[in-house]
Structures are given as structure tokens and as C-alpha cells.
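Q: Chains A and B are the protein sequences, given in the same order. Its first residue numbered 189, the first sequence is counted upward by one per residue in my numbering. Its first residue numbered 236, the second sequence is counted upward by one per residue in my numbering. Dropping the structure in here first, questions after.
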Amino acid sequence: MKRQSKYVWLIVALVASLLPSPVLAWSFSVSPPEVKIDNLPPGEKAEFNLTIRNKDNISHTFMLTTYNPEESQRRPERAEFPDSNWLSFPHQVEVQGNSEAKVKVKVAIPSQQKWAGKDWKIWLSITPEDKDLLVVNYYIRLLVSTGEEGERVETGSHVGLIVGIIVLLLLGCGIYYFRRKVKTK
Amino acid sequence: MKKRIASIILVIILALIPCLPALAEGNSTVTITMATDKDIDIILEPILWNIGDVEPNTEYVTDPYAKWCTITNEGNCVVDIRIKGEDAVWVDNPSAYTWQLSSDNTTAKRKYALLYHIAQDDADSYTPITTIDTQMKHVKKGYEINGKPLTLIGHDDKAYFGLKLLTPNPDFAVDGGGYFYASGGGRKMETTITISAVAA
């Protein structure tokens with residue numbers, strides 16, 4: 189160190205305070221505050237949109253991340269979301285002044301049946317990229333419940349089988365009918 | 236002949252009737268429920284605290300101490316308020332010189348503390364701000380609100396809080412006092428406190 193000084197400056201954004209600050213108070217909103225996805229079977233995807241409204245006159249970039257709330261913040265029946273990589277969304281969104289942006293969030297559950305019949309919770313965090321001493325952050329509660337074990341996969345194969353049998357039977361009847369008709373002529 | 240074919244088709248349909256509930260079950264739909272008419276929207280004012288030069292091992296309090304910052308609920312849902320701090324960094328070279336944020340109200344060399352006080356709580360009650368995002372909670376002993384989260388109920392509801400800063404112990408101690416290391420007349424330090432809102 190060059191020398192010791194009696195003081196160190198803990199001037200929080202002094203420059204910003206001396207110059208006319210573009211942001212006197214954070215002014216943005218997010219909707220909806222909570223999203224509940226029910227009956228999402230393993231191997232399937234669900235999508236929804238969040239709306240970020242920038243009420244400031246200038247453009248701002250917002251950062252999106254996931255956050256696993258502490259246990260006391262989770263409803264008793266809901267466990268921590270197993271893997272935040274199952275959620276996909278843009279991690280940065282620029283919103284022009286006095287306008288809004290829709291952010292598409294996709295939830296994809298892996299196809300393993302061990303993920304069936306679960307109830308999870310995770311929060312999505314939305315905060316401006318620009319920082320002052322105080323910065324506002326919003327959490328969106330995302331509640332995800334997966335469908336019952338194997339339900340979708342098994343019934344899906346039943347449908348195919350049943351439709352196949354019907355088609356084959358109708359085809360057989362048709363052939364039989366036309367052959368008989370030809371013979372009678 | 237036609238009768239025979241019709242009978243076969245009828246038998247097939249009758250045979251498939253037991254399968255219909257299974258088919259219906261197979262069409263279980265994914266439901267997404269969200270209240271798009273609700274939004275989270277809070278405003279903080281002010282968002283800057285210009286302290287100026289600080290001395291080691293000293294306490295600084297916002298003015299006013301309890302109603303320095305106003306949180307206003309501009310949205311239309313009930314929100315809980317949370318708070319998180321960060322280490323303070325030297326603006327010119329953040330990795331070269333930092334002050335670690337204390338997890339309580341103790342300070343040490345290069346370890347500082349930030350605390351908050353909610354208006355109308357006990358006068359001397361300050362709660363440490365840590366790097367872990369936590370609910371802001373009232374401290375008002377003997378009252379029902381003690382230990383309850385800071386909640387803004389509905390549009391235009393307001394809450395107030397103030398901050399306290401405890402600077403680190405000196406980097407270099409001399410007779411009865413001390414100094415922070417500085418280069419070229421002082422270092423400008425900065426930190427950020429994140430105030431979060433989540434639907435209650």
C-alpha cells in the first residue's frame with residue numbers, strides 16, 4: 189500500500205448522487221406473483237409467461253435467476269425443486285422505458301418415473317442489472333406438481349393399442365364384406 | 236350380411252366400453268394456474284446513502300434513524316419483505332480490497348456490519364443484514380407483532396426502516412486509534428442491499 193490514510197470512503201454511489209441520477213427509485217413490476225403447475229407428467233413440458241413492466245422512462249436490463257427458499261418459506265407439503273436446470277428462461281431481459289416484456293418460462297421434467305407424484309416449490313428472482321445501495325428484487329413463487337406414476341405413459345400405450353385393434357377389426361370386416369359381395373355377384 | 240357386420244361392430248364397441256374410463260384417465264391435462272391480474276410492485280425511496288468519509292470501528296446511522304427509507308406497495312397483492320446484504324468492495328478494484336459483511340453485529344479487521352431497524356419497533360432494536368436472503372422481521376417485545384415478518388398489505392401500504400453501519404476495525408492500528416489502508420487519498424467502497432418482495 190502506498191500510504192495509510194485516516195479515512196476510507198464508504199461513499200455509496202457518490203458519483204450517482206452528484207450527477208442527476210436516472211433512477212431515483214426502482215420502478216418496475218412483475219406479474220403474476222405465483223404460478224401453479226399441476227399434473228405435469230415426467231417427460232412432459234409446460235410453458236407460461238411472466239410480464240415485466242418497466243415503469244421508468246429509460247430502458248433497463250433485468251436479471252432472472254432461480255432461488256430455493258429456506259424450509260420455513262416452503263409450504264409443508266412441498267419439497268425443494270430437484271434441479272433448477274429443468275427450468276429454462278432468458279437470464280437477461282431488456283425492457284424499454286414505459287413498456288413491458290413477456291418472458292417465456294419452460295418447465296421440463298425428466299422422463300424417469302421417480303419424478304412422478306411430487307410437489308415442489310422454487311422461486312424465480314427478477315432484479316435490475318443496475319445496482320445502487322438499495323436494489324429491488326421480486327420473487328415469483330413457482331409450484332410444480334407432477335402427475336401420478338406412469339399414468340400418462342401407460343394410458344398413452346393403451347390408446348394406441350385400442351385404436352390399432354379397432355382399425356384392424358374394421359378393416360377385416362370391410363374386406364370380408366366386399367369379398368362376400370363380389371362372390372354373390 | 237349387413238346385419239352380421241353391424242353385429243360385429245356392435246360387439247367391438249361393447250367390448251371397448253370398459254376401456255373408456257381408462258381412455259378418459261389418459262387424457263389427464265396439465266393445468267397452469269396464475270393470477271395475471273395480480274402484480275408485485277414495490278418502490279424504495281431513497282435508494283442511496285451518502286455517508287462520506289468513515290473512520291474505523293465507528294457506528295453510522297441513517298438520518299432519520301427509523302424512517303429513512305420508505306417501502307411502498309404499488310402492486311395489488313400482499314407481499315412479505317426480505318433483505319440481503321453483500322460484501323463491500325473497493326470501486327476501483329473490487330477484488331483487491333473488500334470488507335466482508337458480518338453475519339451478526341460484530342466487526343473485525345476488514346469485516347463490517349450492516350443492520351436494519353423497522354419503524355415503530357423497539358427503539359434500540361437492530362437486526363443484522365447478512366449475505367443470506369432473509370425475511371425482515373419486527374422486533375417489538377411484549378407485542379403480538381414481535382417476530383412477525385414485515386408485510387405490506389395491499390396497494391399503497393407503506394413501511395419504513397433505517398440502517399446502521401459498523402465500520403471494520405483498522406487495517407493498521409496506532410496509539411489509541413487506527414487507519415484503513417488507502418491509496419492516493421482514500422478508497423471509495425460500495426455495497427448493495429437487496430430488498431425483495433414475495434407474495435405472502
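A virtual CB, placed ideally from N, CA and C, is assigned to each residue, including glycine.
#1: If you run the structure through DSSP and keep just helix, strand and coil, what is L252/A?
#2: Inspect the beta-carbon positions of P403/B and W334/B and report whether they are closer than 7 Å.
#3: Rounded to the nearest angstrom, how far is the Cβ of I240/A from that of V291/A, given a contact under 8 Å?
#4: Determine, for F366/A, whether the minimum Cβ-Cβ distance to residues of chain B falls below 7 Å.
#5: For a cutoff of 7 Å on Cβ pairs, would you count A343/B as touching chain A?
#6: What's the C-alpha gap between I306/B and H352/B?
#7: Among the residues of its own chain, which have a CB less than 8 Å from the CB of D357/B, if the five just before and after it don't count?
#8: Would you report the Cα separation of I380/B and W311/A, rounded to the nearest angstrom?
#9: Measure how close the beta-carbons of V218/A and D406/B come, nearest whole angstrom, since I'm counting them as under 8 Å.
#10: Taking Cβ to Cβ, would you say N242/A is nearer than 7 Å to H248/A?
#11: From the DSSP output, in three-state form, read off E342/A for me.
#12: With distances taken Cα to Cα, identify the nearest neighbour of E282/A among F269/A, Q300/A, I246/A and Q301/A.
#13: I'd like to know if V223/A contacts chain B, where contact means its C-beta is closer than 7 Å to some C-beta of that chain.
#14: Note down, in chain order, all residues in the region 307–319 of chain A with a beta-carbon under 8 Å from any beta-carbon belonging to chain B.
#15: Exposed or buried, V370/A, counting other C-beta atoms within 10 Å across all chains shown (16 or more means buried)?
#16: In angstroms with no decimal places, state the Cα-to-Cα distance between P210/A and D392/B.
#17: Using Cβ-Cβ distances below 7 Å, what residues of the region 216–246 of chain A are close to chain B?
#18: Return no unless some Cβ of chain A is closer than 7 Å to the Cβ of K273/B.
#19: State the DSSP-derived secondary structure class of I316/B, mapped to helix, strand or coil.
#20: Given Y347/B, which residues of its chain have a CB within under 8 Å of its CB, disregarding the five upstream and five downstream residues?
#21: From the beta carbon of D391/B, is the nearest beta carbon of chain A less than 7 Å away?
#22: Let me know the secondary structure DSSP gives I353/A once reduced to three states.
A: Looking at the atomic coordinates:
#1: In this structure, L252/A counts as strand in the three-state DSSP scheme.
#2: yes
#3: At roughly 6 Å, the Cβ-Cβ gap stays under 8 Å, so I240/A and V291/A are in contact.
#4: Interface with chain B (7 Å Cβ-Cβ cutoff): F366/A is excluded.
#5: Not an interface residue.
#6: 13 Å
#7: V374, K375 and K376
#8: Spanning the two alpha carbons is a distance of roughly 26 Å.
#9: No, V218/A and D406/B are not in contact; Cβ-Cβ is about 42 Å, not under 8 Å.
#10: Going by C-beta atoms, N242/A is nearer than 7 Å to H248/A.
#11: Because the pLDDT of E342/A is 41, which lies under 50, any placement of that residue in the model is unreliable, and the question is left without a value.
#12: I246/A
#13: Put simply, the CB of V223/A is near chain B, with a gap under 7 Å to one of its CB atoms.
#14: W311, S313, T315 and K319
#15: Answer is exposed; the Cβ neighbour count stays below 16.
#16: Low local confidence applies: a pLDDT of 41 at P210/A is under 50, so the model's placement there is unreliable, with the coordinate-based value given in what follows. Approximately 25 Å between the Cα atoms of the pair.
#17: For the region 216–246 of chain A, residues whose beta-carbon sits nearer than 7 Å to a beta-carbon of chain B comprise S217, V218, S219, P220, P221, E222, V223, K224, I225, D226, N227, L228, E232, A234 and F236.
#18: yes
#19: strand
#20: A323, W334, Q335, L336, S337, L400, L401, T402 and P403
#21: no
#22: helix
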